[in-house]
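So the mapping is simple: our numbering equals the position in the sequence shown, first residue as 1, plus 650.
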Amino acid sequence: MQGLMIFLEVVVVLLLLVEVFIRLRARRRRLQNRAAAASPNLSRDASVLPVKAVPAPPREVTAIPEAEKVTATLQEALSIDDLLNEANIYLEYGHHAQAATVLRWYVDLNPHETRVINQLLDTYIAMADMDSYADLLESLGEKSAKVPMDETWWRERVEHGLQQDPGNLELLVLAEKVGMTVPMPQEQGIEAVMTAEMALALVARNRDPHYGMAILWRAIAHEPLRLPLYAELLRITHQQHLLEEYINALILLFLTVGSGGKTLRERMLRAGQDLGPHPLWDVLAEWQGDPEELRQLARSRQLEIPKSLPGA
């Protein structure tokens with residue numbers, strides 16, 4: 651009985667859907683007939699109406715008088731001169747930072763003005779701001795097509811900067827770019843601090859092995875626990891077949907890693923043995939971790955042990 655009721659409900663729904671469909675179809679036909687009846691009248695009426703062309707509005711051409719152009723040029727020249735006058739006033743009263751800001755604006759807009767560039771560089775030196783000094787030279791180098799300075803000017807300016815800040819990495823890189831012999835960082839006879847990051851960056855930019863070894867030794871003296879310094883020094887000495895220098899670096903590496911770095915010590919020792927025979931290979935291979943043995947070995951080779959290194 652329940653199944654019969656469900657069947658009757660389905661039949662009723664279907665009949666309702668059919669009725670809705672029939673009514674919608676009839677309505678659509680009526681709308682189409684009305685549109686067809688109205689279209690001839692609309693076409694006939696439209697053919698009678700005259701067509702008028704709407705003229706386009708006249709185009710206004712605004713011409714800038716020649717006098718206004720001249721005035722704008724004069725105002726621009728006056729504003730640039732005002733910048734320089736403002737900078738000179740700052741310099742007169744010793745406000746170098748404000749003067750440097752104004753001059754840098756001017757130089758960025760006029761990279762061909764050598765006189766103002768020299769004035770800005772001298773201002774940076776007066777401020778002891780050698781990072782800005784090097785940054786300005788580097789930015790001018792990127793605009794080499796617009797700057798008129800010759801090779802002599804570049805050399806003088808880079809050399810002058812290195813005299814003020816011998817360890818400046820950017821200036822050392824610029825020195826190499828302009829073909830200068832890269833100077834060793836030193837200041838008034840006292841060695842400048844050479845960090846591991848600076849040393850590795852300098853070695854990566856300069857392929858001279860003797861320069862690289864000197865830089866790395868200086869960095870090891872300052873930061874003797876930085877293993878990348880030893881890795882780079884051992885690489886250079888091995889590549890150049892410098893047996894004695896390799897052994898010196900290996901002695902300090904042994905002191906640095908101690909008895910705990912057995913795998914690293916053995917690997918570096920095997921690499922050194924490829925350079926040729928030497929009586930110290932057996933001594934280093936048999937070392938049991940006593941730092942006093944390495945200290946004596948270093949003294950016999952006149953090898954200075956950094957003060958902060960274990961066993962110094």
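Ideal Cβ positions, reconstructed from N, Cα and C, are used throughout, including at glycine.
Reduced DSSP secondary structure (H/G/I, E/B, other) of residue i
i: E820; result: helix
i: N898; result: helix
i: W937; result: coil
i: P878; result: helix
i: Y783; result: helix
i: L812; result: helix
i: L866; result: helix
i: I964; result: Outside the shown range of the chain, which is 651 to 962, sits residue 964, and nothing can be said about it.
i: V907; result: helix
i: P859; result: helix
i: N760; result: coil
i: V752; result: helix
i: G744; result: coil
i: E873; result: coil
i: L790; result: helix
i: Q946; result: helix
i: D800; result: coil
i: L892; result: coil
With 16 other Cβ atoms within 10 Å as the buried cut-off, status of residue i
i: W755; result: exposed
i: E882; result: buried
i: L877; result: exposed
i: R949; result: exposed
i: H746; result: buried
i: Q769; result: buried
i: V704; result: Below a pLDDT of 50, predicted positions are generally treated as unreliable, and V704, at 46, falls in that range; no measurement from the model is reported.
i: L824; result: buried
i: A854; result: exposed
i: A899; result: buried
i: T773; result: buried
i: G829; result: exposed
i: Y743; result: exposed
i: E710; result: Low confidence applies to E710: its pLDDT is 47, below 50, so where it sits in the model is not reliable, and the reading given next is rough at best. Classification for E710: exposed.
i: S689; result: In this predicted model, S689 has a pLDDT of only 48, less than 50, meaning its place in the structure is not dependable enough to derive any value.
N- and C-terminal bounds of the alpha helix (DSSP H) containing residue i
i: A846; result: 846-855
i: K912; result: 912-923
i: H928; result: Premise fails: H928 is in no alpha helix (DSSP H) and is neither H nor E.
i: M830; result: Element bounds for M830: n/a, residue is neither H nor E.
i: N768; result: 764-777
Minimum Cβ-Cβ distance from residue i to chain C less than 7 Å
i: D758; result: In summary, chain C is missing from the structure at hand, where a single protein chain is found.
Between the region 855-870 and the region 912-930, do three or more beta carbon pairs fall short of 8 Å? The region 855-870 is not in contact with the region 912-930.
At a cut of 8 Å, does the region 926-938 reach the region 849-859 through at least three beta carbon pairs? Cβ pair count under 8 Å is below three, so no.
Cβ contact check for the region 884-897 and the region 936-943: 3 or more pairs under 8 Å: No: fewer than three Cβ pairs fall under 8 Å.
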